[in-house]
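A quick write-up on the structure given underneath.
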Amino acid sequence: MIRLRHGDSSLTLDPAVGNIPEWQVGGRHPLHNAPWRDEAEVQENPDIPLVNRRLAGDFLCMPFGRDDVEDGPPHGPTANSPWEVIRQDVAEAHLRLSVPVRGATVDKHARITGPVLYQTHRVEGGEGAVSFAHHPMSRMAEGGRLSFSPKRAVLTDPVAQYAGHNLWALNQIQPDLILPCEDGGDWDLRTYPAGQAVEDFCVLVEARGARIGWTVLMRNAEDDMLVVLKDARLMPLTMLWVSNGGRDFSPWNGRHRGIIGIEDGCAAGGTGLAAAQGENRLTAMGVPTVLPLGGTHMIRHAMVSLPRPPGWAEVREVTVAKGQVTLTEAGGAEVSVPFDEGFFA
């Protein structure tokens, strides 16, 4: 394991699969670990993909979801293969994926500065085109509330993640954050569905011209905030994965509850790489769903863990300027922390 530390923040990175099993900021634990990571019967089962056996924290998916082009593992080599340590310091690490992705070299640079976790993936060379996404997950003991940068559409996949266990109606495109449900009701995407046993997935499309996209998760019982920031020019989508006891098969067994994945990337939702490489509902809107390989791409993603200020219920705006990231609550109150404003340049 690779361990980084800065002030009261610490991070553990697992080079065996490239994920982050632990990120602690003060007494807060913003990211989620699957409960079966230490169960021998799961870890020794080759029928369970490595990404699911070692499911934790955040990791890069490339391609995102199902590889139905080359029949590779779900979420690709970046989530199922070892990473080699190139360089490590107290608060940062540089790693390289041990195998190429469609011929491309993938490097990971992670660093922590106070409550901020910066990650950059450099993708160089290769042939063809591939989908990708970050995959941070957080767990809520008693649900939570989400706020988003402006979006221009919300889509659900044509096929359920797990048939019969989806709350939201399938194959829809909506202009706002209200999704019709299978039972005829409506659901506000800003609220985590803590009362239902579901397995759900949707795609939020960033507003045109956005440079930095963001999501803020306020966890009720934990009384904190997780801020997720992305380079919207390369990652035009935010894909939400809700896993709340809906999967009743191994290793999930109905115990994966209160989990949300805030998966920023470039993909065709959960429909697989073949769909992402062709014409689809998103490309019809002018939204790219694959990254063209052959050149050099820098995928920039950051997260911030903060206590929730008293009375905060919704974030209206997140800005990066003058060496800090500033959150503005719906009532106008603000909170700021130092941030590398050149990170997304």
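For the sequence shown, this note's numbering begins at -19 and goes up steadily by one. Ideal Cβ positions, reconstructed from N, Cα and C, are used throughout, including at glycine. Every value quoted in this text rests on a predicted model; they were computed, and no experiment measured them.
For the ligand SAM, any of its heavy atoms closer than 7 Å to the Cβ of residue i?
{"i": "residue 206", "result": "Questions concerning the ligand SAM fall outside what the structure shown contains, since it holds no ligand whatsoever."}
Looking only at its chain, what residues have a beta carbon closer than 7 Å to the beta carbon of residue i, apart from the 5 residues adjacent to it on each side?
{"i": "residue 296", "result": "308, 309 and 310"}
{"i": "residue 3", "result": "-9, 10, 11, 37 and 97"}
{"i": "residue 323", "result": "98, 280 and 282"}
{"i": "residue 155", "result": "133"}
{"i": "residue 109", "result": "257, 270, 271, 272 and 273"}
{"i": "residue 170", "result": "125, 126, 127 and 157"}
Skipping 5 residues on each side, what residues in its chain have a beta carbon closer than 6 Å to that of residue i?
{"i": "residue 119", "result": "12, 238 and 239"}
{"i": "residue 55", "result": "31 and 41"}
{"i": "residue 37", "result": "-1, 0, 1 and 11"}
{"i": "residue 200", "result": "122, 123 and 124"}
{"i": "residue 60", "result": "30, 31 and 53"}
{"i": "residue 16", "result": "22 and 231"}
{"i": "residue 33", "result": "22 and 23"}
Report the residue from the options whose alpha carbon sits nearest the alpha carbon of residue i.
{"i": "residue 278", "options": "231, 267, 213 and 258", "result": "213"}
{"i": "residue 219", "options": "202, 246 and 231", "result": "246"}
{"i": "residue 69", "options": "-18, 161 and 230", "result": "-18"}
{"i": "residue 193", "options": "255, 175, 244 and 252", "result": "244"}
{"i": "residue 111", "options": "45, 316 and 125", "result": "45"}
{"i": "residue 290", "options": "300, 161, 322 and 204", "result": "204"}
{"i": "residue 28", "options": "324, 229, 251 and 283", "result": "229"}
{"i": "residue 356", "options": "181, 127 and 76", "result": "There is simply no residue 356 to check, as the chain begins at -19 and stops at 325 in what is shown."}
{"i": "residue 93", "options": "-16, 251, 62 and 191", "result": "-16"}
{"i": "residue 335", "options": "286, 273 and 185", "result": "No statement about residue 335 is possible, as the shown extent of the chain runs from -19 to 325 and does not include it."}
{"i": "residue 117", "options": "207, 18 and -5", "result": "207"}
{"i": "residue -13", "options": "71, 294, 260 and 22", "result": "71"}
{"i": "residue 18", "options": "294, 231 and 48", "result": "231"}
{"i": "residue 106", "options": "253, 275, 24 and 156", "result": "275"}
{"i": "residue 6", "options": "-11, 15 and 88", "result": "-11"}
{"i": "residue 151", "options": "108, 164, 165 and 136", "result": "136"}
{"i": "residue 217", "options": "51, 202 and 265", "result": "265"}
Taking CB distances under 8 Å as the criterion, tell me whether residue i reaches chain D.
{"i": "residue 19", "result": "Protein chain content of the structure displayed is limited to a single chain, and chain D is not contained in it."}
For residue i, collect the residues of the same chain with a Cβ closer than 8 Å to its Cβ; drop the 5 residues on either side in sequence, then sort them by chain order.
{"i": "residue 179", "result": "140, 141, 142, 145, 146, 222, 223, 224, 226 and 227"}
{"i": "residue 176", "result": "147 and 224"}
{"i": "residue 321", "result": "300, 301, 302, 303 and 304"}
{"i": "residue 67", "result": "73 and 74"}
{"i": "residue 260", "result": "248, 251 and 269"}
{"i": "residue 187", "result": "129, 130, 131 and 132"}
Assuming residue i and residue j make a contact with CB atoms under 8 Å, what is their CB distance in whole Å?
{"i": "residue 100", "j": "residue 81", "result": "Not really, about 16 Å apart at Cβ, beyond 8 Å."}
{"i": "residue 298", "j": "residue 196", "result": "7 Å"}
{"i": "residue 256", "j": "residue 270", "result": "5 Å"}
{"i": "residue 95", "j": "residue 286", "result": "6 Å"}
{"i": "residue 77", "j": "residue -5", "result": "At roughly 10 Å, the Cβ-Cβ gap does not stay under 8 Å, so residue 77 and residue -5 are not in contact."}
{"i": "residue 251", "j": "residue 138", "result": "7 Å"}
{"i": "residue 79", "j": "residue 103", "result": "In fact, because the Cβ distance is near 13 Å, the residues do not count as touching under 8 Å."}
Sort out for me which residues DSSP pairs residue i with in a bridge.
{"i": "residue 318", "result": "304"}
{"i": "residue 160", "result": "166"}
{"i": "residue 179", "result": "223"}
{"i": "residue 28", "result": "In the DSSP output, where bridge partners are listed per residue, residue 28 has none listed."}
{"i": "residue 119", "result": "239"}
{"i": "residue 294", "result": "BP columns for residue 294 are empty, so no partner."}
{"i": "residue 244", "result": "218"}
#### Entry: 3 or more residues per run - each beta strand (DSSP E) lying fully within the segment 31 to 78
63 to 68 and 72 to 77
### Task
Within the segment -19 to 23, note down every full beta strand (DSSP E) run reaching 3 residues or more, in order along the chain.
-18 to -14, -11 to -6 and -1 to 5
### Task
Would you list, in sequence order, the uninterrupted beta strand (DSSP E) runs of no fewer than 3 residues that lie entirely inside the segment 194 to 221?
204 to 211
### Query
Curious, which full-length alpha helix (DSSP H) runs of at least 4 residues does the segment 246 to 290 contain?
253 to 257
### Query
Which residue spans inside the segment 121 to 156 form an unbroken beta strand (DSSP E) run of at least 3?
124 to 128 and 131 to 136
### Query
Of all the beta strand (DSSP E) runs that stay within the bounds of the segment 82 to 116, which reach a length of 3 or more residues?
84 to 93, 96 to 105 and 112 to 114
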